[in-house]
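If you count by this note's numbering, then the sequence shown holds residues 3 to 330, one letter each, in order. The structure under discussion appears below in the form of structure tokens.
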Amino acid sequence: MLQHIVTILSAAVAAIAVPTDQSVSGAPIKTIVQLQQNGTQFENLVTRTDGTILATRIDVPEIWWIDPADPTHTRVINIEGDVASVLGIAETSPNVYAFNAGNVTSQGAVDGSFQIWGLDLTHEKPQTYPIARIDRASFLNGIATLDPKTVIVTDTNLGLLWKVDISTGHYEIFLQDPSMAIPEGSSIPAGINGVHIHNGYLYFTNTAQMSLNKFPIAKNGTITGSMQRIAEGFMCDDFDVQPDGTVYLPTAAQNTVIRVSIDGRVQQLAGTADSLAVGGGTAAQFGRGPHQKKTLFVTTSGDRFSPINGTTMEPGKLVAVDLSAVIP
Ligand SMILES: *[C@@H]1O[C@H](CO)[C@@H](O)[C@H](O)[C@H]1NC(C)=O
Ligand SMILES: *[C@@H]1O[C@H](CO)[C@@H](O)[C@H](O)[C@H]1NC(C)=O
Ligand SMILES: *[C@@H]1O[C@H](CO)[C@@H](O)[C@H](O)[C@H]1NC(C)=O
Ligand SMILES: *[C@@H]1O[C@H](CO)[C@@H](O)[C@H](O)[C@H]1NC(C)=O
Numbered sequence: 003m004l005q006h007i008v009t010i011l012s013a014a015v016a017a018i019a020v021p022t023d024q025s026v027s028g029a030p031i032k033t034i035v036q037l038q039q040n041g042t043q044f045e046n047l048v049t050r051t052d053g054t055i056l057a058t059r060i061d062v063p064e065i066w067w068i069d070p071a072d073p074t075h076t077r078v079i080n081i082e083g084d085v086a087s088v089l090g091i092a093e094t095s096p097n098v099y100a101f102n103a104g105n106v107t108s109q110g111a112v113d114g115s116f117q118i119w120g121l122d123l124t125h126e127k128p129q130t131y132p133i134a135r136i137d138r139a140s141f142l143n144g145i146a147t148l149d150p151k152t153v154i155v156t157d158t159n160l161g162l163l164w165k166v167d168i169s170t171g172h173y174e175i176f177l178q179d180p181s182m183a184i185p186e187g188s189s190i191p192a193g194i195n196g197v198h199i200h201n202g203y204l205y206f207t208n209t210a211q212m213s214l215n216k217f218p219i220a221k222n223g224t225i226t227g228s229m230q231r232i233a234e235g236f237m238c239d240d241f242d243v244q245p246d247g248t249v250y251l252p253t254a255a256q257n258t259v260i261r262v263s264i265d266g267r268v269q270q271l272a273g274t275a276d277s278l279a280v281g282g283g284t285a286a287q288f289g290r291g292p293h294q295k296k297t298l299f300v301t302t303s304g305d306r307f308s309p310i311n312g313t314t315m316e317p318g319k320l321v322a323v324d325l326s327a328v329i330p
């Protein structure tokens with residue numbers, strides 16, 4: 003999630019050279035669902051093995067359950083609690099999810115509003131339930147599953163990772179590191195943002211530092227090696243990691259989707275700086291259903307914080323980026 007201050011930044015950001023190879027930009031993009039009004043936003047998503055997608059809203063406390071094959075039958079899951087926004091979501095065991103909820107207004111994230119919730123889709127009717135309120139949290143954003151009873155959550159304001167036992171609600175600070183912080187004097191009020199644990203590494207982005215990082219982590223949560231910066235120089239929010247460690251991420255106000263290889267090489271795949279095609283991308287996940295393995299689903303803010311040419315925005319949307327031409 004990028005705060006409203008990104009608006010102020012967009013001019014400066016546009017001038018930063020992103021080290022990309024543009025040779026294969028232009029993958030086909032199809033809109034699956036678009037919201038009705040400017041200022042709306044899909045914030046995060048998780049793809050499901052049945053081909054459907056859970057997409058969260060930051061502007062209202064809702065999770066949209068979308069079937070890309072039949073978007074007219076979208077179900078909206080209301081979060082009935084004292085929260086105004088839903089952020090990161092992750093599957094913790096089959097068809098059971100944990101997600102971050104709290105209040106993110108146009109003034110920013112509200113201290114003391116953040117909670118971890120659960121969503122159970124194993125019954126006919128979706129069930130949501132609060133798991134833990136993290137009073138000291140300042141801005142819970144991304145979430146990753148460490149094991150079926152433990153999630154790791156980013157705190158974008160405090161610049162750290164929380165570890166939460168979702169079976170007891172017990173939480174503690176897992177790791178705080180300069181690579182997760184908002185650098186002093188930064189005009190971007192968002193540090194560590196997206197998080198994913200994959201194949202022995204914890205990957206995270208830092209929005210203010212414009213970086214993608216990782217460190218090795220054992221299955222029991224022990225950190226087994228040092229912090230590594232994979233690449234930097236692009237806007238970033240949440241992302242997907244593929245089995246070989248390649249990362250696919252939308253570049254938020256830079257309006258593109260890029261691929262970062264394990265050696266840090268950056269390649270632009272879709273979108274352009276002055277187009278809303280993937281305008282204000284907030285998160286990306288490859289499909290997990292049949293015939294979706296080369297389709298990257300991307301949620302967007304419609305550039306509401308950083309209108310193109312200073313004026314052009316659109317309602318938030320979920321799009322499918324067809325990467326079959328660029329994925330081996
Ligand atoms: C968060 O927003 C909800 C819904 O508007 C409200 O009921 C709740 O009091 C807010 N919490 C805080 C800490 O501001
Ligand atoms: C966690 O796993 C690491 C790596 O496999 C191992 O060295 C360590 O002893 C384990 N720690 C605990 C508390 O089990
Ligand atoms: C922004 O301005 C550029 C240059 O005038 C133009 O090519 C582009 O189409 C505009 N983009 C939008 C989304 O209006
Ligand atoms: C959103 O804002 C744009 C201007 O950036 C305007 O052209 C468009 O009609 C608005 N869309 C809606 C649904 O209000």
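All C-beta atoms in this analysis are idealised placements derived from N, C-alpha and C, irrespective of residue type, glycine included.
With DSSP as the reference, identify every bridge partner of residue i, one or two as the case may be.
i	result
E234	S213
F141	Beta-bridge pairing links F141 to no other residue.
D157	L142 and L162
L298	F288 and V323
V280	In the DSSP output, where bridge partners are listed per residue, V280 has none listed.
D242	Y250
R261	Y250 and Q269
L177	L163
T147	V153
E93	Y99
G110	T107
I168	Answer is none; I168 lacks a bridge partner.
Give a yes or no on whether the C-beta atoms belonging to residue i and residue j are separated by under 8 angstroms.
i	j	result
Q43	D61	yes
V85	P70	no
S140	D179	no
A100	G120	yes
G281	G196	no
I34	P73	yes
I355	T248	Not covered by the structure: residue 355. The range shown for the chain is 3 to 330.
G223	K165	yes
I225	L162	no
G90	N46	yes
I168	I199	no
A111	V153	no
A275	Q256	yes
Note the first and the last residue of the continuous beta strand (DSSP E) segment covering residue i.
i	result
H200	I194 to H200
L204	Y203 to N208
D122	Q117 to D122
A100	V98 to G104
I133	Q129 to R135
Against chain D, does residue i count as a neighbour if the rule is that its beta carbon must be under 8 angstroms from one of theirs?
i	result
P150	This model lacks chain D altogether; it includes just one protein chain.
Curious, which full-length beta strand (DSSP E) runs of at least 3 residues does the segment 23–87 contain?
31–36, 44–49, 55–59, 64–68 and 77–80
Decide if the segment 230–238 is in contact with the segment 203–212; the criterion is three or more beta carbon pairs, one per stretch, under 8 angstroms apart.
yes
Evaluate contact between the segment 177–194 and the segment 121–140, counting only Cβ atoms and requiring at least three cross-stretch pairs below 8 angstroms.
no
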